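Position one of the sequence shown corresponds to residue 11 (my numbering), numbered consecutively onward. Don't be surprised by glycine CBs; every beta carbon is placed ideally from N, CA and C. For clarity, every value in this text was computed on a predicted model and none was experimentally measured.
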Amino acid sequence: MADNVTSLFRTGAHSPSMAALARESGEAGPVDFCIPCNPYFPSPRMMDELTNRLRDIITYYPSSADTITAELCNLLQLPPQCVAMGNGSTELITWIDHLLVRESIAIPVPTFGRWTDQPLETGKRVDMFPLQESNGFALDPAQYIQFIRSRGTRAAVICNPNNPDGGFVPKQTILAFCDALADLDLIVIDESFLEFADAENEPSIVEEAVMRPNVIVLRSLGKNFGLHGVRFGYMVANPGLAGRIRSMLPKWNLNAFAETVVFMLKDYGAEYVESLHMVRRDRLDMARQLSTLPGLTVYPSQGNFLFVRLPVGAEGTVVRDRLLTEHRILVRECGNKIGSSSRFLRLVVRPQTDVRRLVSGLESVLYGTRRGAAVPELSTGTSYSSGTAAVDRLVSSTSGQGYQGIAAAANGMAQQPQPLTAAANGMVGQPQPLTAAANGMVGQPQPLTAAANGMNGMMGQPQQFTAAANGMAGQPQQFAAAANGIPGQPQPLTAAQTRGTTGMPGGLTAVNAQGQPQGFPQPQPQAMPQPVPQPVPQQATGWPNTPPNGAGWPAAAVDRVG
């Protein structure tokens, strides 16, 4: 299997299926930290019932989608005309794109890949709003609105919590976002992972969505119920929007497994609520254990997964492949997610026994015996491997202070990147590496690279940028500029900004007539945010603590289930 591991992951923006892994290895699947579903539901009692009914489930046709949707709406106390059920949320995303997205759509990145890939496949303009690593990938709704207005985007999406980082936006902020963009063609709030959040007691906006003309709320059932293979999800909107989607769906787009589960849910409410409690508890414990690994950064999450940044020098694909082949552990490496890189993993929350196995595997792969360690000795300050560095240079064009390196190609420089020399602007002194405080790596030397596009005295020869020049000896610096057409987003300084430039973006003053630099800004290094433990409230944001009586759920359950 080891020889074929890398080829298994050549599946576009997604990981290989568990069935593909099992076929390749000829044995049971690995411990799964990749597929983000609830590990505690269905309960053993519910699974036994499903097993006993298996023959009838796979033998006979299911009821129509209208019948299954009516039962779900009875459970949720939602009007059926406001709901459309799909064969997984991806089917609904597909029809939303085809029917309701006219020309352009905005989406924060990194995020769930279908929100970028689907509209691109149908020729729409996708305006990607970069979430900043320096801000813990938190979404700033005000800046997002400004971004949408500046581009004239006609549709917008927020995933809450976001996948892969687990970022959460409070309910009232989401509603204010919708109100501020009431003139857009469409706003989608993807709440696929909201059942795992505990930051608020009532975080969903489904009740408000049905009263707004342009808002759709997307909910998943497979993730919450631990049944990805069943393929079912639903959307909530005003009757006009929901009816347009529902009219395009096949009469039997839902399978018999989906029907069976929906009609069983009223009997398993207590087990479901308890499963959410356990996931939230395990999320805190898993974040604590992972945070003990040297150099590993764990970001706060309200999903049933954690987004982590690997230590400097670790290549995500190598870590992923070695965890699978050496420890039978499957993780999600995020190098193929737009706005991320191979330095990041998304790790699904699992029971504590599995987490101890994961931590042990990461310790072995990352640090292990030094000859086989994925992370070099921390004291050497070793930079990225070439593959990771290439990805990070690309991502740096949108992620600001969160990454090291210069995206030379993004600024029209055709040459291979070379370190910027002090001699380029007449700066004297011995070359010294420019140290970067970003990414929490204060004091780790990172050479500032740029292509030698006509710079005086460079001609493509690699040189170190002299930190001592302009009185900056030993001080961490970072140069930002509004490049790549993304106003206000910090970008690395490029070699194109050389002697004779009359105006340099980002606050850098051009050289004067004598060739002396007018001055450099002195931004302060920013430390990466640390994980903030999320308290687990006494009451779960899910089903009632006692099973429903079958006569319909209370109204408070409307926006807490799914």
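Euclidean distance between Cα positions of residue i and residue j
i      : j      : result
LEU333 : GLY96  : 35 Å
ILE199 : VAL240 : 23 Å
GLY305 : SER114 : 39 Å
ASP175 : MET296 : 15 Å
ALA75  : ARG229 : 17 Å
GLY39  : CYS188 : 42 Å
GLU373 : LEU303 : 7 Å
ARG319 : ARG291 : 22 Å
GLN312 : THR77  : 33 Å
VAL41  : ALA192 : 45 Å
GLY79  : THR61  : Note that residue 79 is Thr in the sequence shown, not Gly. Roughly 23 Å separates the two Cα atoms.
THR121 : GLU284 : 28 Å
CYS132 : VAL385 : The question names Cys, but residue 132 in the sequence shown is Thr. Distance between the alpha carbons of THR132 and VAL385 is about 41 Å.
ASP127 : ALA116 : 12 Å
ILE575 : GLU217 : Since the first residue of the chain shown is 11 and the last is 572, residue 575 is not available in this structure.
GLY378 : GLY349 : 30 Å
MET245 : SER160 : 29 Å
PRO213 : HIS108 : 29 Å
VAL272 : GLY177 : 29 Å
VAL329 : PRO129 : 32 Å
TYR154 : ALA268 : 36 Å
Coil, strand or helix - residue i by DSSP
i      : result
ASP316 : It is Leu, not Asp, that sits at residue 316 in the sequence shown. Strand at LEU316.
ARG353 : coil
SER99  : helix
GLY176 : coil
ILE199 : strand
ASP252 : The amino acid at residue 252 is misidentified as Asp; the sequence shows Ala. Here ALA252 sits in helix by DSSP.
ASP295 : helix
CYS47  : coil
ILE215 : coil
ILE348 : coil
ALA166 : strand
VAL358 : strand
TRP262 : coil
GLN128 : helix
GLY574 : Here the chain has residues from 11 to 572 only, and residue 574 is not among them.
ARG290 : helix
ASP193 : coil
VAL328 : helix
GLN87  : coil
THR379 : coil
ARG161 : helix
VAL272 : helix
ARG509 : Bear in mind that the predicted position of ARG509 carries a pLDDT of just 34, short of 50, making it unreliable; the figure below should be weighed with that in mind. Coil, per DSSP.
ASN224 : coil
ARG367 : helix
THR302 : coil
GLY133 : coil
SER74  : coil
SER53  : coil
GLU210 : coil
PRO386 : coil
GLN499 : Because the pLDDT of GLN499 is 45, which lies under 50, any placement of that residue in the model is unreliable, and the question is left without a value.
VAL283 : helix
Which listed residue (the options) has its alpha carbon closest to that of residue i
i      : options                        : result
ILE45  : ASN314, GLU325, ASP193         : ASN314
LEU231 : GLU201, ILE255, ILE348, PRO120 : GLU201
VAL289 : PRO118, ALA280, PHE267, PRO361 : PRO361
PHE317 : LEU109, ASN265, PRO54, PHE147  : PHE147
LYS261 : THR61, ASP331, ARG65, ALA94    : ALA94
PHE43  : LEU355, LYS276, VAL385         : LEU355
THR307 : GLU143, LEU251, GLU81, ALA80   : GLU143
VAL375 : ASP127, ILE184, THR327, ILE103 : THR327
ARG293 : GLU343, ASN248, PHE206, ASN173 : PHE206
ALA266 : CYS92, LEU88, ARG367, SER73    : SER73
GLY250 : ILE117, HIS337, GLY279, ALA219 : ALA219
LYS347 : ILE67, ARG124, GLU101, LEU194  : ARG124
PRO573 : ARG135, GLU210, ARG159, ALA152 : Summary: the structure shown does not reach residue 573, with the chain confined to residues 11 through 572, and so no result is reported for it.
LEU264 : VAL227, SER99, CYS92, CYS344   : SER99
PRO118 : ASP137, HIS108, VAL111, LEU130 : ASP137
MET57  : TYR154, ILE339, MET274, ARG112 : MET274
ARG164 : ASP150, LYS181, ASP277, LEU110 : LEU110
Counterpart residues of residue i in DSSP-defined beta bridges
i      : result
TYR244 : MET95, ARG229
ASP42  : LEU340
THR307 : ARG319
PHE139 : PRO118
Residue i: CB within 7 Å of a non-hydrogen atom of the ligand GDP
i      : result
ARG222 : No copy of the ligand GDP occurs in the structure displayed, which carries no ligand at all.
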